[in-house]
Structure formats: C-alpha cells, structure tokens
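Here is the structure we will look at.
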Amino acid sequence: MTQAFDAAAQQALLETRAQMALELARRLGADACEVGASVDQGVGVSVREGEVETVELSRDQGIAVTVYVGKRKGSASSTDAGEASIRAVVEKALAIARHTGEDPASGLADAELMARELPDLDVHHPWALSTEEAIELALACESAGRRRPGIMSSDGASLSSGEGVRVYANSHGFLGSQRGSRHSLSCMLIAQDESGMQRDYDYTSARHPRDLLAPERVGESAAERTLRRLGAGRPATGRMPVLFDPTLASGLVGSLMGAIAGGALYRQASFLCDRLGDALFPEWFSLQERPMEMGAMASSPFDGDGVQTRDNVFIEQGRLASYMLSAYSARRLGMQTTGNAGGARNLRIEAPLASREELLSRMGRGVLVTELMGQGVNAVTGDYSRGAAGFWVENGEIQHPVEEFTIAGNLEAMFKGLAGIGSDTDTRGSIHTGSWLIDEMTVAGS
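No gaps in the numbering here: position 376 of the sequence shown is 362 in the numbering used here, and each next residue is one more.
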C-alpha cells in the first residue's frame, strides 16, 4: 500500500507549521491571522469484469493562510506545507490584503467563542489493508453482483480507504486538530433484456472498516437494484404524490440547508430570507444538528472559524428556528454565529417514522423516485424541477419501473406538503433520513 502514515507525527508537524505561519504573519505586520492545514493519504482500487482497472495511491497536503490588516483581508494557499512555502504563502496573503478594500464584517470569530472542549470523537480508524487485499474485496463485490441471472456486465467495483489530519489555528491562541478516516466500497452493474439496458449501483461507507457492509452484500444489492429497473416505461402525467428514496431525500435536506446558509441569506439569494419563526414543515417535523456525535461522518468539536460546535435545532416543530451561520455571515446579518463555518455536521430528523409499505399505502397512486438527474433547483425562488427514474405505484403497491419523466414543484410547497418519513433511514452520510413522501408534485411523463 502507501508508505506508513503516522497520524500522530503528522498532527504534531502540522500544528507546528500552523503556529509558525501565525508567528510569521504577526512579525510581517498582520493584525490577525488564521491557518488551516491538512494531510491525507489513501488507496483506491477499481476492477471491471474481473480485471484490475486502476490502483491509485494518494497523498495530498495543503496549507491555507488568511491574514487581516485592519478590515482588509488576504488569503493564499499551497499544496506544500514546508517551511519555505509557508513564508511565501504568508507574504502573498499580506500582499493581497494590502490591495483589497475594507470589509466591516471581516475578521476572526470572537475570542470568547473559541472551542474549549476538544474531545476525541472516535472518527479515526485506519485500515491496515494491503493493495492486494483491497483488490480482492473489490473483485468479491463485483463477482457477487455479476453472478445474478440477468446481469450482463459490470461498470466496475471500487474500494477506497483513507485517513488524514486537519489543523486549524488562529491568532486568538486557538489551536485545534483532528484525525479522521473514511472507507467505502461500491459496485455498478448493467442488466439487459428485450426491453433494453439498465444500470444501477450500491455502496457502503463508514469511518470504521468493521462498519462496512460485506462486499458480497453490496454486489448483490447492486444487482437487485439494477434488475428491478428492467422493463421501464413512462409514468402518467399529472399532479400526484411523490415518494423520495432516502438517498434522494437527503438532497432535499441539503437544499433546505443551502437556503438557510448565511452566505445565501446576506446575498439575498434564498427563498428563505427573513423567514425565522415561520412554519415551513408540518408540526411533527424537527431537524437537529449533532456535531459532537461519537463516530459520525461529520463530527467535529470546532468549526472552520475555531468556534465551539454545538447541537443546533434548525427546524423545531415545523418552524424555522435558526439559520446556519459562520462568524462572517453572522456579522453581515447582524446576528450571532451558530458554529457552522464549513457547513452543518450530522443532521438528524425527529419525526414519527413509517414503514415503506405504510408510505406507499398513504400514497395510493403516484411515483417512487429512486434516481434524479440534472441540477434543476433554484435557490432564490425555491422552484424545483428534475429528471427522474423510479417506480409507478397504484393502489399502494409498486407496479413497474418508470423512467424519462420530470418531477416539478416548489421547495416551500414540498416542505409544507411533507406527508411522512420512512423508517428506512440511510446512515451512510452526514444526513440521516428515511424516505420522504410529498403529498403532491407535477409529474410529466407520457
């Protein structure tokens, strides 16, 4: 595999380099400075049709420096975190700062907000995996899928395993660092019958290798997902309920978070500007952030400003309870940071859950969407229009696969029309959610 990665040594080195950059910036005239540094190492292999296609051993590092001279800001970065490079980056950042206009909102987050609790959140679990072992696992995954009758070929199986260290420091005296790991295995297959050709995939992802699904299970699931798409037609056109698969429902949560992010709000580029306290969802729906959750995919005790992360409630009993703000966006809006520089971490839904069968029964007639295409989401208006594929539902039961249709609506109407959330929670990413049943959207098919 790659050369040995000594996470502790890399962590100590990056901390030293970050402090070096801070001191150099101070000596060269910066009023304040913040530094982010990282190093990541991993292996990635892909196989196709029983043959090794690629083996990639990677090692990436970088350092980014932001300096403040009064209310002027300059930033520079490099993929080399060596001592000579650090000096060049600091000097470049200072040169930029001296030629930019003043921004009253610029500057570090307030010193009293810096993280004081920096616990180990159990997110670093390296995998002692040789390249040969990685290839064997990918081959086993693909083979399990290819064995299924009806599967004609494979688009490949891939395994990746990596670990890294990130460090953030600023001239308030804050220094935070965290080690982390991430492992994944995926498989994409192709099936064909007299109706045509279809492809689909499945994957598993986790911080700890023991939490990955078995390769054979991933391959078999990819085969099942692919085969069930054979014989797809086009659905009827009209207004009807739409059930979003969990992997797609997380995208709806992502659209919500984009609309309440400070950057969109102060630019007036969101349909949720000036909407705090408004009812956006049914009363039974709440959305929380849990950044200190042990072992989760996005856990961190500090945000990108060094601010202590905290549990946030963004939607409380259907109402918009909080925006998602960094120190800078909070100043632009005349508000307080929510510890979300860098985004939300570990979003969790609180709501009554229903089985897939119950949601289909509530739906009656409509479409279950399992794939979306295109980027048809307007953050300013909330208008939503995406190409889709999935299954036609009649009398609360799946009838046949459908494809080449469009679903359209408006995010605000979709949120208010949320009619149920499934118990089929997808926990592979930082957003945990089950299926979402929306009471009515426009479906354009045949």
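C-beta: ideal position from N, C-alpha, C; glycine also.
When you compare the CB positions of residue i and residue j, do they come within less than 8 Å of one another, or not?
i, j, result
"Asn495", "Ala282", "Because the chain spans -13 through 432 in this model, residue 495 falls outside it and cannot be assessed."
"Gly240", "Ser315", "no"
"Ser64", "Val75", "yes"
"Leu145", "Leu104", "no"
"Tyr370", "Ala340", "no"
"Tyr434", "Ala18", "The first residue shown for the chain is -13 and the last is 432, placing residue 434 beyond what the model contains."
"Gln303", "Ala155", "no"
"Leu199", "Thr190", "yes"
"Arg58", "Glu20", "no"
"His110", "Glu149", "yes"
Mark residue i as exposed unless 16 or more other C-beta atoms lie within 10 angstroms of its C-beta, in which case mark it buried.
i, result
"Arg196", "exposed"
"Asp26", "buried"
"Ala97", "exposed"
"Ala124", "buried"
"Thr52", "buried"
"His85", "exposed"
"Arg152", "buried"
"Thr367", "exposed"
"Asn298", "buried"
"Ala374", "buried"
"Thr40", "exposed"
"Asp179", "exposed"
"Leu43", "exposed"
Would you report the Cα separation of residue i and residue j, rounded to the nearest angstrom?
i, j, result
"Ala(-10)", "Ser147", "14 Å"
"Met(-13)", "His418", "Note that Met(-13) has pLDDT 42, beneath the 50 cutoff, so the model's placement of it is unreliable and the number below is only indicative. Approximately 33 Å, taken between the alpha carbons."
"Glu357", "Arg215", "11 Å"
"Gly376", "Leu229", "10 Å"
"Arg225", "Trp270", "25 Å"
"Ser272", "Gln164", "30 Å"
"Ser285", "Thr295", "9 Å"
"Asp46", "Glu426", "46 Å"
"Gly382", "Asp264", "33 Å"
"Arg414", "Glu206", "18 Å"
"Arg305", "Gly162", "34 Å"
"Ser157", "Leu262", "34 Å"
Reducing DSSP to helix, strand and coil, say where residue i ends up.
i, result
"Gly325", "coil"
"Ala62", "strand"
"Met(-13)", "Caution is warranted here: a pLDDT of 42 is assigned to Met(-13), below 50, making its placement in the model unreliable, and no coordinate value can be reported."
"Ser170", "strand"
"Phe449", "As displayed, the chain neither begins before -13 nor continues past 432, which places residue 449 out of reach and without an answer."
"Ser207", "helix"
"Gln(-3)", "helix"
"Glu39", "strand"
"Arg34", "strand"
"Ser236", "helix"
"Cys19", "strand"
"Tyr370", "strand"
Would you say residue i reaches chain D, if we count a Cβ-Cβ gap shorter than 8 Å as a contact?
i, result
"Gly224", "Given the protein chain composition of this structure (a single chain), no chain D is represented."
Would you mind giving the Cβ-Cβ distance between residue i and residue j, rounded to the nearest angstrom? I have them listed as a contact below 8 Å.
i, j, result
"Ala235", "Trp422", "4 Å"
"Ala330", "Glu275", "5 Å"
"Ile137", "Ala209", "5 Å"
"Ser32", "Ala143", "7 Å"
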